[in-house]
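What follows is a short report on a single structure.
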Amino acid sequence: MSVQPWGEPGPAHRPAAAGWQPVPSPQAAMRASHADRDRAVDVLKAGFAEGRLSAQEYEQRHEAASRALTYGELAALVADLPAGPMAAPLQAAQPVPATFLVPPPPKPRPTSVLAVVSMVCGLTGFLALPVVPAVITGHIARSQIRERDMDGDWAAVLGLVLGYLGAAFWTLIILLGAL
């Protein structure tokens with residue numbers, strides 16, 4: 001891209017008979033959207049407001065921007081102006097700053113085996129007598145879950161509740177059977 005000293009556009013940036021010369025690059029053939037055209041017009045407006053473009057040149061470039069179909073055509077219109085919103089699409093993709101990245105999903109925590117054992121013992125406590133192991137393993141599991149940052153507190157609590165209910169049930173059955 002040739003820009004002559006003191007801001008005079010070189011021959012590559014002057015309008016050709018059929019329009020502006022597109023800037024060659026891998027993305028130059030990519031189709032431009034309405035938003036891309038609007039950004040190019042914003043750069044042209046800023047260039048006109050700062051005195052970098054004459055009124056006639058601004059009008060010509062504005063009309064060419066509204067007809068532009070590709071990034072290359074838009075880039076040619078703003079190539080001799082200070083880099084603005086059009087600089088990013090024509091460069092290689094910039095890595096996203098860590099601030100804007102989606103945080104990685106949390107690692108799954110292991111589930112306490114004792115909590116599951118407590119729950120199973122509590123569920124079967126009304127059929128047989130594993131209510132004592134349900135209560136014991138439930139308390140141990142809750143302690144380990146807090147210490148080791150594990151999952152399964154709900155299973156341990158369910159095992160404890162069912163264990164205590166089962167213990168009350170079997171105690172009541174034994175007391176009623178003794179009468």
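Heads up: the sequence shown begins at 1 in full-length UniProt numbering, then just goes up one per residue.
Virtual Cβ for every residue (Gly too), placed ideally from N, Cα, C.
As the structure is a prediction and not an experimental result, all values here were calculated from the model.
(request) With DSSP as the reference, label R109 as helix, strand or coil. (result) coil
(message) Between which residues of its own chain and L69 is the CB-CB distance below 8 Å, once the five residues before and five after are set aside?
(response) R31, A32
(message) Strictly by DSSP, which residues pair up with D80?
(response) Partner(s): none; D80 has no beta bridge.
(message) In the DSSP assignment, the alpha helix (DSSP H) including L158 goes from what residue to what residue?
(response) 153 to 178
(message) Tell me which residues share the same chain as A156 and place their Cβ nearer than 6 Å to its Cβ, disregarding the 5 neighbours each side in the sequence.
(response) A115, S118, G138, A141, R142
(message) Please state the DSSP three-state secondary structure of R52.
(response) coil
(message) Does the stretch 122 to 133 come into contact with the stretch 154 to 170, if we say contact requires no fewer than three beta-carbon pairs (one atom in each stretch) closer than 8 Å?
(response) yes
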